[in-house]
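J.: Have a look at this one.
Right under this line is the structure:
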């Protein structure tokens with residue numbers, strides 16, 4: 569297990585130790601970052617020689633970022649939820665856009681023109697259900713083709729009838745949806761009403777807030793101990809489904825259409 573050397577704070581001190589290679593910490597030696605706010609974790613990683621590579625979201629609210637330490641070819645994955653670091657673990661060199669045991673320049677040499685031609689894989693370890701890349705590179709390529717198609721809203725084109733493509737497409741769609749959570753799924757110039765902030769609100773106050781924002785209930789039904797309310801705002805053509813459990817808004821989302829969501 570490689571152990572990091574003590575980092576000097578001042579730039580001059582950093583220059584003084586250039587002759588002695590600085591060893592990067594493995595994830596097991598970065599556990600003190602667990603529980604930190606994202607911004608503090610970012611600062612701590614940079615202080616220890618890591619550079620940010622990429623960040624990815626999923627629809628469950630988790631954020632995965634990848635960090636690379638050039639000095640010792642180390643890639644780590646940081647998982648954040650609700651603004652705090654949940655886990656930090658080792659990732660593959662490939663997750664950071666490198667080939668194992670090589671630097672960036674060498675990686676380009678191994679796959680000539682890969683960055684320009686788009687041949688490098690774009691998905692990361694966490695996109696796989698088991699958190700691991702496939703050992704077979706051809707299978708990984710199939711997965712990545714599906715991931716890229718799903719991410720960029722291309723038509724599903726599984727011409728090899730590959731499970732890897734199908735799984736990759738699903739992962740790409742999920743990330744695209746997570747990246748577009750801010751979007752109201754409609755275009756034009758008409759303003760829309762905010763509603764995401766009401767998730768978790770008490771049912772009575774939440775209903776009052778929806779009414780104040782121009783919504784009206786057009787359907788209401790129950791299933792067991794759960795109540796569902798369909799809310800319509802004709803001005804912005806928003807059709808919401810509110811799920812109410814234990815006296816609170818358990819879930820609220822724009823479902824796009826409903827038989828009773830019509831007119832002004």
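Residue numbers (the working numbering): 569 to 832.
Note that CB positions come from ideal geometry on N, CA and C, so glycine has one too.
The model shown is predicted, which means the values in this text are computed figures rather than measured ones.
(1) Whose C-alpha, out of 647, 801, 711, 814, is nearest the C-alpha of residue 829?
(2) With 16 other CB atoms within 10 Å as the buried threshold, where does residue 617 fall?
(3) Just the Cα atoms here: how many angstroms apart are residue 701 and residue 693?
(4) Would you report the Cα separation of residue 739 and residue 696, rounded to the nearest angstrom?
(5) Counting Cβ pairs, one atom from each stretch, are 3 or more of them under 8 angstroms apart for the region 650 to 657 and the region 598 to 607?
(6) Compare the Cα-Cα distances from residue 744 to each of 765, 691, 783, 709 and report the closest residue.
(7) Is it buried or exposed, residue 714, if we count other Cβ atoms within 10 angstroms and call 16 or more buried?
(8) Mind checking residue 742: buried by the 16 CB within 10 Å criterion, or exposed?
(9) Here's a check: name, in chain order, each residue in its chain whose Cβ is nearer than 6 angstroms to the Cβ of residue 613, leaving out the five neighbours to either side.
(10) Using only the alpha-carbon positions, how far apart do residue 751 and residue 826 sit?
(11) CA-CA distance, residue 512 and residue 766?
(12) If residue 839 and residue 783 are in contact, beta carbons under 8 angstroms, what's the gap, nearest whole angstrom?
(13) Tell me which same chain residues have a C-beta within less than 7 angstroms of the C-beta of residue 815, skipping the five on either side of it?
(14) Can you tell me where the beta strand (DSSP E) holding residue 764 begins and where it ends?
(15) How big is the Cα-Cα spacing for residue 710 and residue 725?
T.: So, from the data block:
(1) When only C-alpha atoms are compared, the closest one is 801.
(2) Counting Cβ neighbours within 10 Å, residue 617 comes out buried, since at least 16 surround it.
(3) Note on geometry: alpha-carbon atoms of residue 701 and residue 693 lie some 6 angstroms from one another.
(4) Each residue's Cα considered, the two are about 8 angstroms apart.
(5) As far as the Cβ criterion goes, the region 650 to 657 touches the region 598 to 607, which means the pair count is three or higher.
(6) Looking at the Cα atoms, 691 is the closest of the given residues.
(7) By the 10 Å Cβ count, residue 714 comes out buried.
(8) So residue 742 counts as buried.
(9) Once the five neighbours on either side are set aside, the close Cβ partners of residue 613 are 635.
(10) C-alpha separation (whole angstroms): 20 angstroms.
(11) Only positions 569 to 832 of the chain appear in this structure, which leaves residue 512 out of reach.
(12) This structure does not reach residue 839, given that the chain is present from 569 up to 832, and the question cannot be answered.
(13) Cβ neighbours of residue 815 beyond the five flanking positions: 770, 771.
(14) Taken as a continuous stretch (DSSP letters only), residue 764 belongs to no beta strand (DSSP E), as it is neither H nor E.
(15) Going by the C-alpha atoms only, they are around 11 angstroms apart.
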